[in-house]
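In our numbering, the protein residues as written are 17 to 153.
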């Protein structure tokens, strides 16, 4: 339990440190897409039409809709460095394989360290690269 608390404290300290460097939201054209929604570049799970999406607010607060689960989180961005801290997810009685896919995606998103943008494509880079497309319609 103490190790878990220490890890959370470290994540919170890192988020605060990045947020305190004075980097505010950039415009959606030249920086991180604050205030916009994006969809994961991935197929739906078998038997579903849903594809994970992120709705990122102007201050980095995020609403996640995964293949089955949903929840909130927080992005902290400084230059091309990024930290994502997930909040609790809603348990929606997901099938086991879909719940695992959601958990794996959340773990990959929580492990990202940098991000890049090319037009309407946002890539979150960590041990796994996650590509999202801005919803521009």
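We put the beta carbon where it would ideally sit given N, CA and C, even for glycine.
Query, Result
"Taking residue 83 and residue 114 to be in contact with their CB atoms under 8 angstroms, please state how far apart those CB atoms are, rounded to whole angstroms.", "5 angstroms"
"To which residues of the same chain is residue 149 closer than 7 angstroms at the C-beta, ignoring the five residues directly before and after it?", "54, 55, 57, 136, 137"
"Taking the beta carbon of residue 85 as the centre, do at least 16 other beta carbons fall within 10 Å, making it buried, or is it exposed?", "buried"
"Would you tell me roughly how many angstroms separate the C-alpha atoms of residue 73 and residue 65, rounded to the nearest one?", "25 angstroms"
"Report the option in 70, 95, 143, 139 whose CA atom is closest to the CA atom of residue 87.", "70"
"Who are the Cβ neighbours of residue 100 in its own chain at under 7 angstroms, not counting the five residues just before and after it?", "89, 91, 125, 126, 128"
"Are the C-beta of residue 58 and some C-beta of chain B separated by less than 8 angstroms?", "The structure shown contains no chain B, having only a single protein chain."
"Helix, strand or coil, according to DSSP, for residue 114 in the structure here?", "helix"
"In whole angstroms, what is the alpha-carbon distance linking residue 59 and residue 77?", "25 angstroms"
"Who are the Cβ neighbours of residue 104 in its own chain at under 7 angstroms, not counting the five residues just before and after it?", "87"
"Per DSSP, what kind of secondary structure is residue 139 in: helix, strand or coil?", "strand"
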